[in-house]
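Chemist: Here it is, the structure in full.
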Amino acid sequence: MTAEKNKKSVRVGIFTAIGLVFFVVGVLAIGNINKTFTKSFLVSTVFDDVNGLKLGNNIWFSGVKIGTVKEISFYGTSQVKVIMDIEEKSRAYVKKDALVKLGSDGLIGNKILIIFGGTENSPQVETGDVLSSTKLNSTEEMMTTLQENNVNILAITTDFKEILSKINRGEGTVGKLLTDDRIYNDLHTSIATLQSAIQNVNKLTANINQFSDQLDDEGFLVNDVLTDTAIYPSIKNSVMQIEELTKSANAMVDNLNTITEKLSTDTTSPAGVILNDPQVAAQLKETITNLQAASKKLDENMEALQHNFLFRGFFKD
């Protein structure tokens with residue numbers, strides 16, 4: 644009884660395993676059949692390093708799967724050629740000048756190829772075309788860059804700590820400003836003075852605006868002068884007369900300057916001789932003195948004759 648039961652269990656296990664095998668084969672067959680009936684075309688690209696890319700990895704365009712990697716082979720001396728199997732329905736979107744780069748499906752997912760770029764006016768890709776590839780930064784290069792950034796950040800942090808220490812010690816302009824009350828008070832006073840000056844400027848601007856507005860008001864002196872057809876010509880005539888008087892005064896001054904200059908340099912005219920020859924000037928002065936003395940004596944003699952009885956009758960009272 645027990646042996647018969649064990650045989651049945653073995654048969655059931657065998658048939659179950661065979662069924663699973665047929666199921667998996669069927670699924671794969673259906674997938675291959677579906678892929679077989681899907682139209683596609685082949686294009687290629689060349690990389691210096693595919694970074695672990697495998698056959699069957701997906702190809703993306705704008706985040707949409709459009710094909711798979713069909714073949715990977717060495718090319719030239721050290722490059723790798725990748726043949727891509729792309730769906731026919733995606734041909735219209737892939738241009739001849741499109742680029743191919745390596746990527747990954749997620750942070751640590753499978754490697755994928757990403758087709759991007761391409762100008763609108765460029766023709767669509769054709770079977771057998773070779774698309775240009777872009778270099779992908781390796782993990783080592785990214786780690787090196789990250790380490791350099793860490794060193795730079797550490798240096799910046801150290802410098803910043805040193806600056807803060809100097810500020811706390813009152814060193815430098817900022818440190819003195821934050822720790823020296825005298826500088827702070829001077830700065831506060833300067834700001835207050837500046838604010839007062841700004842207020843004065845604002846008041847002056849307001850007064851100028853008010854004065855400008857009053858120029859349009861009737862009865863205002865400046866408005867009357869500018870708009871009154873009787874006052875303005877009178878003022879204009881007065882200004883013209885003042886200008887003429889100024890011209891005459893300037894001409895008179897010029898004449899006086901000319902005469903003065905001529906008298907200073909001319910030694911032939913009487914006035915020039917008197918002004919420029921010291922000897923003649925002294926003689927003239929002596930002559931005038933003598934004339935004054937003679938005139939005085941003549942007055943005294945005439946006074947004496949008036950009181951003399953012999954000549955008194957010749958003078959009238």
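Residue numbers (the numbering used here): 644 to 960. Ideal placement from N, C-alpha and C gives every residue a C-beta, glycine not left out. Note that the structure is a prediction, hence the values are computed from the model and not measured.
#1: Leaving aside the five residues before and after K846 along the sequence, list all residues of the same chain whose C-beta is less than 8 Å from its C-beta, in chain order.
#2: Measuring alpha carbon to alpha carbon, tell me which residue in I758, D740, M785 is nearest K708.
#3: Taking just the CA atoms, how far does K754 sit from S808?
#4: Please say whether K732 and D643 have beta carbons closer to each other than 8 Å?
#5: To the nearest whole angstrom, what separates the beta carbons of V725 and F684, a pair I think is in contact under 8 Å?
#6: State buried or exposed for V693, treating a residue as buried only when at least 16 other CB atoms are found within 10 Å of its CB.
#7: First and last residue of the beta strand (DSSP E) that includes E730?
#8: Could you check the C-alpha separation between T901 and N893 for me, to the nearest Å?
#9: Using the C-alpha atoms, what's the distance from T770 back to L696?
#10: When the distance is taken between beta carbons, is V743 closer than 8 Å to S776?
#11: Please classify I702 as buried or exposed, where buried requires at least 16 other C-beta atoms within 10 Å of its C-beta.
#12: Measure the CB-CB distance between M727 and G710 and report whether it falls below 8 Å.
#13: Hey, could you find the ends of the beta strand (DSSP E) E714 is sitting in?
#14: Is K754 near the ligand ATP, going by C-beta to nearest heavy atom under 7 Å?
#15: Which residue marks the beginning of the beta strand (DSSP E) containing K964, and which one marks its end?
#16: In this structure, how does DSSP classify K739 when only helix, strand and coil are distinguished?
#17: CB V712 to CB N700, shorter than 8 Å?
#18: Between which two residues does the beta strand (DSSP E) harbouring N701 extend?
#19: Would you kindly work out how many angstroms separate the C-alpha atoms of A735 and A660, rounded to a whole number?
#20: Taking 6 Å as the limit between beta carbons, can you name the residues of its chain near T688, skipping five residues before and five after?
#21: Could you check which residue in L698, E730, S721, Q884 has the C-alpha nearest to that of F704?
#22: K778 by DSSP, collapsed to three states: which one?
#23: Taking 7 Å as the limit between beta carbons, can you name the residues of its chain near I834, skipping five residues before and five after?
#24: Let me confirm a value: L756 is counted as buried when at least 16 other C-beta atoms fall within 10 Å, else exposed. Which label applies?
#25: When the Cα atoms are used, what is the spatial distance from V667 to I657?
#26: Does the distance from the CB of A741 to the CB of V768 come in under 8 Å?
#27: Measure the C-alpha to C-alpha separation of I796 and F803 and round it to an integer number of angstroms.
#28: Using the Cα positions of M883 and I851, report the straight-line distance between them to the nearest angstrom.
#29: Would you call G662 buried or exposed, if buried means 16 or more other Cβ atoms sit within 10 Å of its Cβ?
#30: At what residues does the beta strand (DSSP E) containing L756 begin and finish?
#31: In three-state terms, what does DSSP make of V693?
Modeler: Straight from the coordinates:
#1: Translated into positions along the sequence shown, residue 846 becomes position 203. So no residue of the chain qualifies.
#2: For the purposes of this step, residue 708 is taken as residue 65 along the sequence shown, with counting starting at 1. Here the closest residue by C-alpha is I758.
#3: For the purposes of this step, residue 808 is taken as the residue at position 165 of the sequence shown. For the purposes of this step, residue 754 is taken as the residue at position 111 of the sequence shown. The alpha-carbon atoms of S808 and K754 are separated by roughly 50 Å.
#4: The structure shown has nothing for residue 643, since the chain only spans 644 to 960.
#5: For the purposes of this step, residue 725 is taken as residue 82 along the sequence shown, with counting starting at 1. For the purposes of this step, residue 684 is taken as residue 41 along the sequence shown, with counting starting at 1. Wrong, their Cβ atoms sit about 15 Å apart, outside the cutoff.
#6: Counted from its first residue, the sequence shown places residue 693 at position 50. Result: buried.
#7: Stepping through the sequence shown from its first residue, residue 730 is reached at position 87. It spans 722–730 - the beta strand (DSSP E) in which E730 sits, taken as one unbroken run.
#8: The residue you call residue 901 lines up with position 258 of the sequence shown. The residue you call residue 893 lines up with position 250 of the sequence shown. T901 and N893: Cα-Cα distance of roughly 12 Å.
#9: The residue labelled residue 696 in the question sits at position 53 within the sequence shown. The residue labelled residue 770 in the question sits at position 127 within the sequence shown. Their Cα atoms are separated by approximately 22 Å.
#10: For the purposes of this step, residue 776 is identified with residue 133 of the sequence shown, where counting begins at 1. For the purposes of this step, residue 743 is identified with residue 100 of the sequence shown, where counting begins at 1. At the C-beta level, S776 and V743 come within 8 Å of one another.
#11: The residue you call residue 702 lines up with position 59 of the sequence shown. Classification of I702: buried, given that the 10 Å Cβ count is 16 or more.
#12: Start at 1 with the first residue of the sequence shown, and residue 727 comes out as number 84. Start at 1 with the first residue of the sequence shown, and residue 710 comes out as number 67. Cβ atoms of M727 and G710: closer than 8 Å.
#13: The residue you call residue 714 lines up with position 71 of the sequence shown. 707–718 is the span of the beta strand (DSSP E), which, as asked, contains E714.
#14: Ligands in the displayed structure: none, and consequently the ligand ATP is not present.
#15: Not covered by the structure: residue 964. The range shown for the chain is 644 to 960.
#16: As a first step, residue 739 is located in the sequence shown; it is residue number 96 there, counting from the start. K739: coil per DSSP, three-state reduction.
#17: One-based indexing of the sequence shown puts residue 712 at position 69. One-based indexing of the sequence shown puts residue 700 at position 57. Yes, these two residues count as a Cβ contact at 8 Å.
#18: Sequence index remark: in the sequence shown, residue 701 carries index 58 (1-based). Its beta strand (DSSP E) spans residues 701–704.
#19: Counted from its first residue, the sequence shown places residue 735 at position 92. Counted from its first residue, the sequence shown places residue 660 at position 17. Straight-line Cα distance between these residues: approximately 46 Å.
#20: The count along the sequence shown starts at 1 and reaches residue 688 at position 45. If we look at T688 and ignore the five residues flanking it on each side, its Cβ neighbours are V725, V743, L774, S776.
#21: If you number the sequence shown from 1, residue 704 lands on position 61. It is E730.
#22: Position 135 of the sequence shown, counting from 1, holds the residue named residue 778. DSSP places K778 in coil when its eight states are reduced to three.
#23: The count along the sequence shown starts at 1 and reaches residue 834 at position 191. There are no such residues.
#24: Indexing the sequence shown from 1 puts residue 756 at position 113. L756 comes out buried.
#25: Within the sequence shown, residue 667 is the residue found at index 24, counting from 1. Within the sequence shown, residue 657 is the residue found at index 14, counting from 1. Cα to Cα, V667 sits roughly 16 Å from I657.
#26: Within the sequence shown, the letter at position 98 stands for residue 741. Within the sequence shown, the letter at position 125 stands for residue 768. Closer than 8 Å, so yes.
#27: Against the sequence shown, residue 796 aligns to sequence position 153. Against the sequence shown, residue 803 aligns to sequence position 160. Taking the straight line joining both Cα atoms gives about 10 Å.
#28: Translated into the one-based positions of the sequence shown, residue 883 becomes position 240. Translated into the one-based positions of the sequence shown, residue 851 becomes position 208. About 30 Å.
#29: Counting from 1 along the sequence shown, the entry for residue 662 is found at position 19. Exposed.
#30: On the sequence shown, residue 756 is found 113 positions in, with the first residue counted as 1. First-last of the beta strand (DSSP E) with L756: 754–759.
#31: Within the sequence shown, numbered from 1, the residue matching residue 693 stands at position 50. The answer is coil: DSSP assigns V693 none of H, G, I, E or B.
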